Every structure is written in C-alpha cells, then in structure tokens.
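Numbered according to the numbering used here, the sequence shown spans residues 202 to 636.
Structure, as structure tokens:
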Amino acid sequence: MRNRNILALTLAAAATLAAVPAAFPAAAATAANSRTAAAHCPQLSKKLSWYGDNRAHLQRMIDERGRCSHPRLGHGEKRPVAAFDWDNTVVKNDITDATIAWALHHDKILRPRSWKSTSKWMTDAADRALTKACGTKVPVGRPLPTSTDTACADEIFEVREDGRTMSGAAAFAGTWDHRHTVPQYAWVPQLFAGHTVRELESYAAKARKQVLAAPVGATQTVGTHEIPGYARYYPQQRDLIRTLKKAGFDVYIVSAGSEPVTEVWAGGKDGVGIDREHTVAIRSVLDRKGRITTWNQGCGDVPVNKGEAIPYIDGKRCWINQEIYGVKGKQAWHKQDRAHRIALGGGDADTDVTFVGDATGAHLVLNRNKSEVMCRAYDDADGRWLVNPMFIEPLKQNPDLYPCSTSAYNEHDGDKGPVRRPDGSVVPDQRDSVY
202 MRNRNILALT LAAAATLAAV PAAFPAAAAT AANSRTAAAH CPQLSKKLSW
252 YGDNRAHLQR MIDERGRCSH PRLGHGEKRP VAAFDWDNTV VKNDITDATI
302 AWALHHDKIL RPRSWKSTSK WMTDAADRAL TKACGTKVPV GRPLPTSTDT
352 ACADEIFEVR EDGRTMSGAA AFAGTWDHRH TVPQYAWVPQ LFAGHTVREL
402 ESYAAKARKQ VLAAPVGATQ TVGTHEIPGY ARYYPQQRDL IRTLKKAGFD
452 VYIVSAGSEP VTEVWAGGKD GVGIDREHTV AIRSVLDRKG RITTWNQGCG
502 DVPVNKGEAI PYIDGKRCWI NQEIYGVKGK QAWHKQDRAH RIALGGGDAD
552 TDVTFVGDAT GAHLVLNRNK SEVMCRAYDD ADGRWLVNPM FIEPLKQNPD
602 LYPCSTSAYN EHDGDKGPVR RPDGSVVPDQ RDSVY
C-alpha cells in the first residue's frame, strides 16, 4: 500500500490531511502529422471486439492526446491521465465480494470487541444480529468459525451486500453524504481490522487464484447467499490500458474497494501492470504494529475518519484531484480546470459517474443498467460518451426508460432527483439502446 509510513501512524498522530479541447469529430490532422507518424501510434488490437465504433473513438483520442501527437510527453510535456474504476470495469465481477467470500470460507474474520465499534453508522439491530449469529464464545481478536457457522457468515455478508440484517432491519443509520460514501462499502476494510496489510493481500491473492480458475458462469455459496464464483480480466480493457501506457498516458485505478485488495489485482504482468503508486482505493490507517484499524485516511477537507470520504461518486473526484493533481482542501471536491482533469475515464456504475464525467477526452461506460451514469452516457451532452455492453455476459436491454428527469440522480442527503446538465437543464428520460 502506498505511503506505508504514513498509514502506520497512530490515530492520534495521523495526518489530516489536457489538454487542448478535442471532440470526437475532430479534424483528421490532429491525429498525426503524417502517415509515417500515424504508423508509429500505439494501436488498439483489431482482434478484440468493441461495440459499434467505440474502438475508433478511443483510438482517435489516444492519437490526439498521446505521444503520437505530442512526442515530448514525459520529457517536458505533462502526460495525460486515464483513470478506471476496477470492479466490473476492468474485470468481470466484484473482487471485494470474492475476497470476503474466501475469508469467510477460511475463518479469516476476527471477532471485534463489539460489532457496533466496526462502523460509526451501525445500528443496534445489526449489532444484535451479528452478536447473536456469531456468538461471544470466540475471544476478541480471534477468528470466527465462519466456514462452518452459516448464520454468522450469512449475517456478515448480508450487511456488506445490502446494508441490512438477515431479518431485513437496516444495518446502518445516521447522517452521511451519499455522494461521498456508503457505509457498507466503508465497512469492508473495517471488517478486516486486526489483520496486517500483507495478510489481507494474501487473502486477496488466494481469492483471485480461485475465481480466475473457475469457469465463466460459476457461482459460489456464502452462508446461504449465492454469488458469482468466477472473475475475468476483460481483454479489451487490458489492451486499452496497455495501449494508453505505450502512448504516454499515466493510467490509474480508482476503486471504492480496499486498497490492498485492489493492488493485488491491478499489479504485475498477470494483472494489468498498474503499480501501487497508480492505485487509489480505501486507505486504512494502521496501528503501531502495522495492523489495519477501522480508521481511514481522508480526502480534501475531511481528515482521518471512519469512512466519511471514500472513493465513491464525488469521492472519486476528490481522490483523483488530491492524489493525481495535488489539489488540497475543500477544492478537491470540485471540478477542476481542463489542465487538471483526466483525459479518459472508465466506469460502470453510479459510483463512477462524477470522475468519468470529468474526463476531457472520452467517457467510457460499461452498461450495467445503473441509472445516473446511463442518463449521462445516453444524453451524451459533449459528444464524448461511449457506451459498451459488458464484454462478458452482457446484460439484456433494460425494458424501462431511465428516470433521468425525475429520480436518477443520487442526492447528497440520500434522496433521488433529476439529472441536470451543467447549464441546469434536466436530462430527459433515456431508452437503453446499447446492450
């Protein structure tokens, strides 16, 4: 994990913390100065299938923003940035779910002193349900027998997956900014409190091996929950990342998962070759012994916290602005000028809509029928939104119109409202057309 020395600070001492505009129908001359130059532009593989003319649009953006048109990138000229969400954007299925499932199957969750202490928003009902299901016989700090205790595994996974107990009671309550965090996402690294980063990385690596070996379509059972039992790197996204890097882009992963888990999947030749320095996810504060705590590093004007500012919706913008462009304080939550925004953003869900929308060159969205991001994508206000079906097991067409004009926008207080363009006009309801 990046900045291990910072993360290892005690809680008391923890720190509080392009480009020329170019639309897709740009003039042909912007791609390269000659056929000879164009021949040396890194090319996306033509053997890999993309929807419609998405490959051509992406290639044009790469040529315009990359070293094909800017040979001094990295040598006096600032590199353009591409940023991708991880789960269901670069890989099929959710690596956090895979890691939690593996941990539950192998008794790797440690009993907390109290379940309520694991999240500032946990309800009394969830605390009671988890305590009843998992018991109090296991000493605090020792592994719970979740491989055989179906009730305990069920309750933990239900809280993580749906923010509810098995009886249907709300697991989290209180006040939080719904565009900065969601408690059950923040709870994942908190669930691994007491483990070292290296231990969590080893669990993620073993889970990764298991789900990559499973056949496409495989499922697994956690308690009584049936979830996907396989994962795959999308070849198209691997190729896109490879091509972007060859063309001189700095490529980042920005995920709402736990950072050690994301780093295991993103790095190395068998991943997508994105190192720790270019991986941004939920960053846990470590104690003096290097163990994960229930505290996280902060973003913008939010200091060390209990989950209030994770890379989630507007939080992804904050983390990109802070970690990539060095924007500090409240300003990190705001949209920056073109010189301090990414060229390409890729995502699949409402959690990604803000940073993907901030991109100046292309907004790539994999269609998972998530309303807010699909409203933005289909409205295509700047002509740079690219919608692609998932490359593996794509969803069928959403039979309903996306409710863009009424309830697709995720408000800060948790309510739903209309999606608006920068000029304040309301996006009309959109039909699902790319599937």
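Cβ coordinates follow ideal geometry from the N, Cα and C atoms, glycine included.
These numbers come from a predicted model, not from an experiment.
query: Backbone secondary structure at Tyr513 - three-state DSSP; result: coil
query: Nearest-angstrom Cα separation, counted from Trp534 out to Val221; result: With a pLDDT of only 39 at Val221, under 50, the local geometry of the prediction cannot be trusted, and no value is derived from it.
query: Pick from Lys536, Val417, Phe358, Thr324 that is closest to Val292, judged by C-alpha positions; result: Val417
query: Local conformation of Asn570 per DSSP, three classes; result: coil
query: Arg399 burial status per 10 Å Cβ neighbour count (16 or more: buried); result: exposed
query: Collapsed DSSP secondary structure at Tyr431 in the structure displayed; result: coil
query: Leu345 burial status per 10 Å Cβ neighbour count (16 or more: buried); result: buried
query: Member of Arg518, Ala394, Leu545 whose CA lies at the smallest distance from the CA of Thr494; result: Ala394
query: Contact between the stretch 379 to 393 and the stretch 442 to 453 (3+ Cβ pairs under 8 Å); result: no
query: Expected contact under 8 Å - CB spacing of Trp520 and Val455 to nearest Å; result: 6 Å
query: Helix, strand or coil at Val620 [DSSP, three-state]; result: coil
query: Whole beta strand (DSSP E) elements within the stretch 342 to 424, 3-residue minimum; result: 420 to 423
query: Chain-order list of residues whose beta-carbon lies under 6 Å from that of Gly546 (same chain, five-residue window excluded); result: Ala284, Phe556, Val557, Ala560, His564
query: Spatially closest choice to Trp316 from Ala540, Gly342, Asp633, Thr297, by CA coordinates; result: Gly342
query: Counted within 10 angstroms of its Cβ, other Cβ atoms place Ala304 as buried (16 or more) or exposed; result: buried
query: Ala582 and Val566 closer than 8 Å at C-beta; result: no
query: Candidates Asp350, Pro461, Tyr453, Thr480, of which the one nearest Thr147 by Cα; result: Residue 147 lies beyond the range of the chain shown here (202 to 636); nothing can be said about it.
query: Cβ pair Asn568, Pro590 closer than 8 Å; result: yes
query: Beta-carbon separation (whole angstroms), Gly468 vs Asp502, contact threshold 8 Å; result: No, Gly468 and Asp502 are not in contact; Cβ-Cβ is about 31 Å, not under 8 Å.
query: Where Glu478 sits in the DSSP three-state scheme; result: helix
query: Contacting residues, own chain, Cβ-Cβ under 6 Å from Gln523 (five flanking each side not counted); result: Cys500, Ala533
query: Stretch-stretch touch, CB-based, cutoff 8 Å, three pairs: the stretch 505 to 514 with the stretch 480 to 490; result: yes
query: Assigned exposure category for Lys490 - 16 Cβ within 10 Å defines buried; result: exposed
query: Own chain partners of Leu401 with C-beta closer than 6 Å, once the 5 adjacent residues on each side are dropped; result: Phe393, Pro461
query: Chain-order list of residues whose beta-carbon lies under 6 Å from that of Ala257 (same chain, five-residue window excluded); result: none
query: Validate contact between the stretch 257 to 275 and the stretch 294 to 301 using beta carbons, cut 8 Å, 3 pairs; result: no
query: Backbone CA spacing between Ala371 and Thr382 [nearest angstrom]; result: 17 Å
query: Whole-number beta carbon distance between Asp355 and His426, since they are thought to touch under 8 Å; result: 7 Å
query: Proximity to Pro623 [Cα-Cα], best of Asp440, Lys470, Lys536; result: Lys536
query: Counterpart residues of Lys293 in DSSP-defined beta bridges; result: Arg433
query: Tyr526 versus Gly474, Asp451, Arg439, residue with shortest Cα-Cα distance; result: Asp451
query: Nearest candidate by alpha-carbon position, reference Gly267, set Leu487, Ala408, Gly562, Ala457; result: Gly562
query: Chain-order list of residues whose beta-carbon lies under 6 Å from that of Ala408 (same chain, five-residue window excluded); result: Ala299, Thr300, Trp303
query: Residue interval of the alpha helix (DSSP H) (run including Asp264); result: 255 to 266
query: Rounded C-alpha distance that separates Ile263 from Met575; result: 24 Å
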